[in-house]
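Engineer:
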Amino acid sequence: MVDTSHEELLWALSLSIVVTYMLLPKSKFTKAIEFLETWGLFFMFAGISVWAWLFFYFFMPETKGMALEEMEMLFSKNKGRKPTTETDPRQNA
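Residue numbers (the numbering used here): 622 to 714.
1) What whole-angstrom Cβ distance do ALA673 and LEU662 have, given they're in contact under 8 angstroms?
2) First and last residue of the alpha helix (DSSP H) that includes ALA653?
3) I'd like to check one pair, MET692 with THR684: are the Cβ atoms closer than 7 angstroms?
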């Protein structure tokens, strides 16, 4: 959890990141249309969409109907750590 005393700074930082990533495609779109033409740009975006769909279909596990604890165990496996409910930091001290 993030300390709430830094909330304004974090909001400003996140907003600046969002605006930056919104302006980058807008500024490069005209050059992309000149280079690829309209049909080429369409196929480029279609290819990116198909690639993203295939990636998420094959590499992201299904979480429908799972409890939050099960999802935590699913996404934290192979990261070299145990779930937070099993360890007590006071026992290791």
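Quick reminder that beta carbons are idealized off the backbone N, C-alpha and C, glycines included. Computed from a predicted structure; not experimentally measured.
Structural biologist: According to the structure data:
1) 17 angstroms between Cβ atoms; not a contact.
2) Per DSSP, the unbroken alpha helix (DSSP H) holding ALA653 starts and ends at 628-680.
3) Between THR684 and MET692, the C-beta gap is smaller than 7 angstroms, which places the two residues in contact.
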